[in-house]
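Each remark here refers to the structure printed beneath this line.
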Amino acid sequence: MAIRKVVKIGNQTLRKTSKPVLQFDENLWQLLDDMTATMIETKGVGISAVQVGVLRRAIVVQLEDDKFLEIINPQIIKTRGKAIESEGCLSVPGFYCDVERPKYVKISAYDRNGNPFEFEAKDYIARCVCHEIDHLNGILFVDLTEEGRAYKKSNGVE
Ligand code: NI
107 MAIRKVVKIG NQTLRKTSKP VLQFDENLWQ LLDDMTATMI ETKGVGISAV
157 QVGVLRRAIV VQLEDDKFLE IINPQIIKTR GKAIESEGCL SVPGFYCDVE
207 RPKYVKISAY DRNGNPFEFE AKDYIARCVC HEIDHLNGIL FVDLTEEGRA
257 YKKSNGVE
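To convert a position in the sequence shown, counted from 1, into my numbering, add 106.
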């Protein structure tokens with residue numbers, strides 16, 4: 107496992123749409139291991155491949171202290187409710203703001219071996235999953251609120 111460099115806001119890689127993972131091979135496993143290591147090192151709770159500069163639809167979310175969920179090629183099946191809570195991002199260091207997200211989300215995805223699974227999450231984990239899926243579509247949490255847009259403007263980043 108290696109710590110990779112986290113891509114920061116202002117770098118246009120973060121604005122690109124990630125492509126589906128097609129090969130569930132050792133390259134993917136290495137990427138996922140490195141993403142987890144990088145997330146732990148930087149004290150994040152979720153990370154997407156684009157944040158380490160790889161434009162593939164792969165995410166790791168921390169479920170518990172030592173439990174991590176790898177999510178490949180996710181699709182949102184269902185959302186329910188709304189919740190507003192403070193949010194941050196490894197790619198936007200030092201900035202936090204309240205963001206509205208679904209209170210509940212159900213996704214389908216693949217694990218690192220290409221096996222399909224479904225996953226349901228609520229509250230904090232649901233927030234995290236939605237935030238990371240946004241990354242795969244080039245969306246950052248600062249795009250979603252007035253405060254976030256003001257942050258981008260005052261820092262001259264997009
Ligand atoms: Ni993020």
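The beta carbon of each residue, even a glycine, is placed where N, CA and C say it ideally should be.
Name the residue from the options whose alpha carbon lies nearest to the alpha carbon of residue i.
| i | options | result |
| --- | --- | --- |
| Cys234 | Lys122, Asn261, Phe223 and Val211 | Val211 |
| Val198 | Gln157, Arg163 and Ile182 | Gln157 |
| Tyr202 | Ala256, Gly244, Phe225 and Asn219 | Ala256 |
| Glu224 | Arg163, Asp240, Ser260 and Asn179 | Asn179 |
| Ile153 | Gly187, Leu120, Glu252 and Leu128 | Leu120 |
| Thr185 | Lys228, Thr123, Lys258 and Leu250 | Lys228 |
| Ala215 | Thr142, Arg163 and Ala155 | Arg163 |
Which residue marks the beginning of the beta strand (DSSP E) containing residue i, and which one marks its end?
| i | result |
| --- | --- |
| Ala227 | Pro222 to Lys228 |
| Glu252 | Unbroken run through Glu252 is the alpha helix (DSSP H), Glu252 to Asn261; no beta strand (DSSP E). |
| Gln168 | Ala164 to Glu170 |
| Ile153 | Gly152 to Ser154 |
| Ala215 | Tyr210 to Tyr216 |
Tell me where the alpha helix (DSSP H) around residue i begins and ends.
| i | result |
| --- | --- |
| Lys204 | The question names Lys, yet the displayed sequence has Asp at residue 204. No alpha helix (DSSP H) contains Asp204, which is instead part of the beta strand (DSSP E) from Cys203 to Arg207. |
For residue i, name the three-state secondary structure that DSSP assigns.
| i | result |
| --- | --- |
| Gln181 | strand |
| Val113 | coil |
| Ile190 | strand |
| Leu134 | helix |
| Ala143 | helix |
| Ile231 | helix |
| Glu238 | helix |
| Leu175 | strand |
Any residue with its C-beta under 6 Å from a non-hydrogen atom of the ligand NI counts. Can you list them all in chain order?
Cys195, Leu196, Ser197, His237 and His241
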